[in-house]
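Asks: This is the structure I have questions about; it appears just below.
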Amino acid sequence: MANTKPACGVGSASTATTFSDLWGLILLLISLGSGVVTVITKFAETIAFLTQSFSLIGITAPVAVWLGAVAAYVTVMIVIIVFFYKNCVEAPRGLDTCSAGVIEDVFPSFDDWSEWVFPFAASHPRIDVVVKCDYWDLAANGGATVVCNDDTERSPIISAIFHSSEVCAAGGGAIAGAAIAGIGGIIAAVAIGAAIGCSASGPFYLLCLLVVLIIAAVVVAVAALIGALIGGMIGKAAAGSDDPITDGAGLTIGDYVTTPGNLIIMGNLDNARAYWFVTEGGHTVHGRSTGSAPFSHLDPDTNLTVDAC
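Position 169 of the sequence shown, counting from 1, maps to 527 under my numbering, and the rest follow consecutively.
Set out below in structure tokens:
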């Protein structure tokens, strides 16, 4: 393999992997919601339709309130399902390869409060590895961004992500929980809208209707997210932990490690190369470094002369 150190920084690769367009999708949904509000306020025909009463399961409310509640439900479900798809279903193909080095940093699943509140957005366990110079060509392969460490040599890093059944079970549970709780949220939201009521005439009718619509949407979104939280935690608990960082002895900073797997260009890592995923049960630990972070490639080059690749 080539031992010429690649330049650190942004490469020329285009994203072909998970989460790169997720927030763009969320912003698109918000924009569509804004467009709906514009339609409501600008077109008399649409307003006439949306202000009509609609009854279902004994609850009568303006069509706009029903649509607002349903739109909020659909939006939340789309976001949760997209997270699950990107995290657990999508399988971008990369290089079937292997590299080795010393672990610079570790990122367990559910290590941040946001992943407990929004379990569908939990990340799979990840380690950042300062790789031996034998594997520098992999870090820059395909024009990928080369992530470099803060050591004096600016040593290249390749991240390795481990598939977690716990993360996927939490995502699946969140979908089920949000679907069930969201339906209850729709009923509650429309009932609240009907209870508030808006006079069918007068200059403030549309403003009142808009306020009720927003309240209905918020009620549904909150209900669905609470359901996602409960369902996600149930799924997480049922699956049990399989995090190689926190389970047992666990992978820790300073471990020498070999990681075989599917090496892709990851959009949410600034188009850097990373393993998505490390081959299940395929990584090998070769002991520990006596040094400390930030590590240089000179450490594994010298002390990990034989790896498992």
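Even glycine gets a Cβ: it sits at the ideal position worked out from N, Cα and C. Since this is a predicted model, take the numbers as computed values, not measurements.
1. Taking the straight line between their C-alpha atoms, what separation do you get for D665 and G640?
2. Looking at the ligand FAD, does it come within less than 8 Å of A581, judged from the CB to the closest heavy atom?
3. What whole-angstrom Cβ distance do G590 and A528 have, given they're in contact under 8 Å?
4. Do I554 and V570 have their C-beta atoms within less than 9 Å of each other?
5. I'd like the span of the beta strand (DSSP E) that includes P679, first residue to last.
6. Looking at the structure shown, is P477 part of a helix, part of a strand, or coil, going by DSSP?
7. Is it the case that the segment 642-652 contacts the segment 514-525, given that we only count it when at least three CB pairs across the two stretches are under 8 Å?
8. Along the beta strand (DSSP E) that carries C456, what are the first and last residues, could you check?
9. Round the Cβ separation of D486 and D469 to the nearest angstrom and send it over; I've been treating them as touching at under 8 Å.
10. What does the Cβ neighbour count give for T418, buried or exposed, with the cut at 16 atoms within 10 Å?
11. At the level of alpha carbons, what is the spacing between A449 and S517?
12. Helix, strand or coil for I417? Go by DSSP, reduced to three states.
13. Can you tell me which of the three DSSP states G649 falls into?
14. With DSSP run on the structure shown, which of helix, strand or coil describes C506?
15. What number of angstroms, rounded off, separates the C-alpha of N361 from the C-alpha of D613?
16. Is P658 helix, strand or coil when you go by DSSP?
17. Have a look at the DSSP bridge pairing and note the partners of V432.
18. So for I611, helix, strand or coil by DSSP?
19. Give me the Cβ distance between F520 and P618, rounded to the nearest whole Å; I'm assuming they're in contact under 8 Å.
20. On a Cα-Cα basis, can you pick out the residue from L656, T660, I592, A365 that is closest to A497?
21. Can the beta-carbon of M435 be found closer than 9 Å to that of G540?
22. Would the beta-carbon of K363 fall within 9 Å of that of R512?
23. With DSSP as the reference, label G301 as helix, strand or coil.
24. Bridge partners for L621 per DSSP, in chain order?
25. Could you work out which residue in V488, D628, G500 is closest to C506 when comparing CA atoms only?
Replies: The structure says:
1. 13 Å
2. Annotation note on the ligand FAD: not contained in the displayed structure, which lists no ligands.
3. 4 Å
4. yes
5. Here the chain comprises residues numbered 359 to 667, so residue 679 is not present and cannot be evaluated.
6. helix
7. no
8. 453-465
9. Between D469 and D486 the Cβ distance is about 14 Å, and since that is not below 8 Å, they are no contact.
10. The predicted position of T418 is uncertain, since its pLDDT is 48 and thus under 50; a value taken from the coordinates is nonetheless stated next. Under this definition T418 is an exposed residue.
11. 17 Å
12. Because the pLDDT at I417 is just 45, under 50, the model does not fix this residue reliably, and the value given afterwards should be weighed accordingly. I417 falls in the strand class under three-state DSSP.
13. coil
14. strand
15. 23 Å
16. helix
17. DSSP, once it has assigned bridges, lists no residue as partnering V432.
18. coil
19. In fact, because the Cβ distance is near 12 Å, the residues do not count as touching under 8 Å.
20. A365
21. yes
22. yes
23. With the chain covering 359 to 667 only, the question about residue 301 has no answer from this structure.
24. L453, Y633
25. V488
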